[in-house]
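See structure below.
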Amino acid sequence: MKIKQIPEDFIVKENLKIRIEPGKYFYYKLTKKNWNTLDIIKEISYRLKTKDIGYAGIKDRNALTTQYISTTKKIDFKIKDIEFEYLGTGKERIYLGSLESNEFVITIRDLDKQLKAPKEMINYFGEQRFSEKNPLIGKLLIKKQFKEACSELNLNIENNDAIKSLRSLGLKELKFYIHAYQSELWNQLAEKSKKKIIPIIGFLTEGKDYDIILKKEGITTKDFIIRSIPEISSEGSERPRVMEIKNFKSLEFTDDELNSGKKKQIVSFKIPKGSYATIVIKNLKN
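So for the sequence shown, numbering that gives the first Met the number 0 puts the first residue at 0; every next one is plus one.
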């Protein structure tokens with residue numbers, strides 16, 4: 000099984016409601032490949048000379064993705080492999096909670112037999128959260144080991160001020176590392192628990208069910224309060240253990256032009272925000 004051999008094998012479209020009306024925000028539909036969301040947000044922010052760029056979800060580099068952003072300035076430039084479609088203005092900033100769901104059309108290659116979706120699968124966080132030491136950096140932030148976090152991030156520390164160096168990355172990126180660590184903990188809990196709702200551990204998480212994993216990690220829930228950078232403190236939340244998959248369809252099962260003697264299968268489906276298509280693909284069965 001192979002996915003993402005070419006960006007067009009992994010097509011993603013965001014679903015969210017945008018109200019077009021007079022307002023200070025400019026809305027754009029952004030179609031991209033060969034860029035991940037965080038990198039393109041940084042590039043747009045640099046070119047517009049503003050950090051007020053809103054987005055609803057983080058999309059992978061190795062895919063053809065359509066998502067929505069808000070800015071406080073009009074985009075009047077072009078970037079390779081990115082298409083901007085101006086939608087209008089509005090009063091609300093697009094943010095991570097704006098997303099309702101994602102729709103996917105995915106080509107799975109190098110197959111011998113056709114795949115089918117199982118009746119149920121665990122709603123694991125996908126590998127996008129865990130690349131490049133992200134959970135480790137999040138754990139170092141939680142444990143207040145700021146110099147070690149700077150070392151993992153290859154950040155220079157001036158005047159022995161690790162906090163200043165970390166803040167230079169921006170709060171969104173720092174929160175992303177915290178969330179990556181929380182996601183790793185959630186995956187471990189979901190693998191062992193049968194409860195319908197599993198907590199994303201934070202400083203407001205209650206109960207004794209999670210003491211074993213916290214002890215193993217050498218942390219407590221109170222460690223998610225980060226007084227040195229209070230903006231990235233995390234109260235935690237909850238996440239359904241089982242993924243809700245809608246409109247799963249097998250659209251095509253034909254010869255694979257990129258892998259001789261093999262088949263390819265094109266599937267489409269819709270999943271809620273925060274769920275991962277790569278988890279769906281990994282759980283498909285012959």
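By construction, the Cβ of each residue, glycine as well, lies at the ideal position given by its N, Cα and C atoms.
Which residues DSSP lists as bridging residue i, in chain order
i    : result
E251 : I265
R108 : K1
F25  : T70 and T88
R238 : I197
E13  : N101
P271 : S100
E243 : Looking at the DSSP assignment, E243 forms no beta bridge with any residue, so it has no partner.
F83  : L29
I121 : V241
K284 : K115
I78  : I81
Where residue i falls, given that 16 or more other Cβ within 10 Å makes a residue buried
i    : result
I200 : buried
I19  : exposed
T106 : buried
Y45  : exposed
F76  : exposed
Y94  : exposed
I225 : buried
E13  : buried
G56  : buried
P134 : buried
L283 : buried
S182 : buried
I5   : exposed
S233 : buried
L257 : exposed
L203 : exposed
L170 : exposed
L310 : Outside the modelled stretch of the chain, which goes from 0 to 285, sits residue 310, for which no answer is possible.
Proximity below 8 angstroms, CB of residue i to CB of residue j
i    : j    : result
R60  : D255 : no
I136 : I228 : no
I265 : A116 : no
I177 : W185 : no
T49  : K72  : yes
F223 : F247 : no
F252 : Q113 : yes
S100 : I270 : yes
Y180 : R92  : no
Q187 : I212 : yes
Y54  : T36  : yes
V241 : I121 : yes
D80  : K41  : no
V104 : K58  : no
L110 : K281 : no
Closer than 8 angstroms to chain B by CB, residue i
i    : result
L139 : Although the question refers to chain B, the structure presented lacks it and comprises just one protein chain.
Cβ-heavy atom distance, residue i to the ligand NAP, below 7 angstroms
i    : result
E234 : Of ligands this structure carries none, so the ligand NAP is not represented either.
| Quick one: any contact between the region 15 to 28 and the region 66 to 74, if contact means 3 or more CB pairs under 8 angstroms? | yes
| Would the region 128 to 143 and the region 73 to 93 be scored as touching if the rule is three or more Cβ pairs under 8 angstroms? | no
| Cβ pair count under 8 angstroms reaching 3, the region 148 to 166 against the region 274 to 284 | no
| query | Counting pairs of beta carbons, one from the region 136 to 149 and one from the region 190 to 198, are three or more of them closer than 8 angstroms? | reply | no
| task | List in chain order: all unbroken beta strand (DSSP E) runs of 3+ residues lying wholly within the region 181 to 212. | result | 196 to 199
| task | Output the residue ranges of the beta strand (DSSP E) runs that lie fully inside the region 150 to 183 and measure 3 residues or longer, sorted by chain position. | result | none
| request: Could I get the ranges of all uninterrupted alpha helix (DSSP H) runs contained in the region 33 to 70, with 4 residues as the minimum, in chain order? | output: 36 to 47
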